[in-house]
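Under this note's numbering, read the sequence shown as residues 463 to 612, first letter to last. Beta carbons: idealized from backbone N, C-alpha and C, even for Gly.
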Amino acid sequence: MQAALQEAQQAFTEGEVPVGAVIVVDHQVIAAAHNRTEQWRDPLAHAELLVIRQACEHTQYERLTEAWLYVTVEPCVMCAGAIVLARIPRLVYGTANPKAGAIRSLYSIGQDPRLNHQVEVMDGILQAECAQLMAAFFRQIRSGEVPKRS
Numbered sequence: 463m464q465a466a467l468q469e470a471q472q473a474f475t476e477g478e479v480p481v482g483a484v485i486v487v488d489h490q491v492i493a494a495a496h497n498r499t500e501q502w503r504d505p506l507a508h509a510e511l512l513v514i515r516q517a518c519e520h521t522q523y524e525r526l527t528e529a530w531l532y533v534t535v536e537p538c539v540m541c542a543g544a545i546v547l548a549r550i551p552r553l554v555y556g557t558a559n560p561k562a563g564a565i566r567s568l569y570s571i572g573q574d575p576r577l578n579h580q581v582e583v584m585d586g587i588l589q590a591e592c593a594q595l596m597a598a599f600f601r602q603i604r605s606g607e608v609p610k611r612s
């Protein structure tokens, strides 16, 4: 989770919403990413989607059945769907996302028995650090210190 938090800090530095993600297979980080939606002007450039894409390129396979996904903030609906589609078995996240979280806060996409894959979830890992980074980012946006998101 520390590596995901470092990615989130990089996103913060770049004026992105500070979400970082890493994928680990056999205790090795095989992919790392952070949000790039502002830089790339791409609503799909969430850390989770970018890291899944990198991991699939690394493994040369579209399923990540041996992976652990670590992400600093609870994934949204789009990212939760991608986690299910990639067949990621384990998700670890830092802090809840009460306005858009699709793992536990608003929805339970990863555990929905109607879907063909369920995800084991651990939450609250480095919760204080992840939440503080998000709060600091939005505090800066409100004060005008970070470029406003369009």
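Specify, as a first and last residue, the run of the beta strand (DSSP E) that residue i falls within.
i	result
Glu582	Glu582 to Asp585
Arg552	Arg552 to Thr557
Quick one: what does DSSP say residue i is sitting in, helix, strand or coil?
i	result
Ala529	strand
Ile565	coil
His489	coil
Val481	coil
His520	helix
Ala509	helix
Ala473	helix
Less than 8 angstroms between the CB atoms is what I'm expecting for residue i and residue j, so what's the real figure, rounded?
i	j	result
Leu595	Pro505	Rounded, the Cβ-Cβ distance is 21 angstroms, inconsistent with contact.
Glu536	Asp574	The pair is not a contact, with the Cβ atoms about 15 angstroms apart (cut-off 8 angstroms).
If you follow the alpha helix (DSSP H) that residue i is in, where does it begin and where does it stop?
i	result
Gln501	Thr499 to Trp502
Gly543	Val539 to Leu547
Leu595	Gln589 to Ser605
Does the distance from the C-beta atom of residue i to that of residue j stay below 8 angstroms?
i	j	result
Tyr532	Val546	no
Arg549	Leu512	no
Ala473	His496	yes
Problem - Cβ pair count under 8 angstroms reaching 3, the segment 517-535 against the segment 480-494 - result: yes
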